[in-house]
C-alpha cells in the first residue's frame, strides 16, 4: 500500500522494505502558488535549506526570461526563441544560490511546486504530494519505500495544459518520507513547460 508521508515524517526508512511492484504509476498534479518571497524559495529537494535566484527585477534579463517562460508554459515558444530561452535558463541556473550564498551545483533548474499526486498501483491508488519540480525530475512525499532504480510512469496535470503531461521517470534517491524521481527521455516541449514553471516560481513565487 502506497501511503502519503505525514507533514512531519515520523516513519523510519527501512532499507530492506519492499514496495508493491508496479508497471505503471500515474500522477495527476495541481500546482499551487508558492508562499515564498519573489526570488527566494523554500527548498524541498534532497539538500534542504533555501534557494535564491540572483535575477532581480532591475535586471533586463528578468522581464525577458519571464516573457519567454510564459510562452514556454503555454506551448507557444518558437524554435527561433529557444536558443535565447536556453541561454537565459542556463544563466538563471548559474545564479541560483543556496542558504549561505553557496552556488547550486545542478544541471537542471528546480523550484518548489506543491502537486497533488495520485499514483496508480496494481491494486489501489494513493494520494500523495510533491515538494519540488523541474526539468530534471521531481520529489514526492511518500511514506512507502520504493527501491532505487524503479521506473515509474507519471501523468502530471498542470494548469497550463488541458491534457496531462505524460512522462517516464526513475527513482534516484530516497529518504524518510520522500523520494526523488528523474525524468527519462523528456520531450523538448515538456522540458520547456517544466522549466517555465520553475522559472516563474523562482522569480515570482508562483
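Residue numbers (my numbering): 67 to 272. Just so you know, even glycine gets a beta-carbon here, dropped at the ideal spot from N, CA and C. Here the structure is a predicted model, which means the values were calculated and not measured.
- Going by beta carbons, residue 135 and residue 223 fall outside the 8 Å limit.
- When secondary structure is reduced to three states using DSSP, residue 263 falls in the helix class.
- Counting the other Cβ atoms within 10 Å of the Cβ of residue 258 gives 16 or more, which makes it buried.
- For residue 239, the pairing in a beta bridge is given by DSSP as 246.
- Here residue 125 carries a coil assignment [DSSP, helix/strand/coil].
- Residue pairing for residue 217: DSSP places it in a beta bridge opposite 236.
- The three-state reading of DSSP puts residue 270 in helix, counting H, G and I together.
- Annotation: the continuous alpha helix (DSSP H) that includes residue 148 extends over 148–161.
- In this structure, residue 199 keeps its C-beta atom at 8 Å or more from the C-beta atom of residue 138.
- Look at residue 206 here: in three-state DSSP terms it is strand.
- The beta-bridge partner set that DSSP reports for residue 182 consists of 195.
- For residue 231, the beta-bridge partners assigned by DSSP are 222.
- Residue 220 is positioned such that its CB atom lies no closer than 8 Å to that of residue 238.
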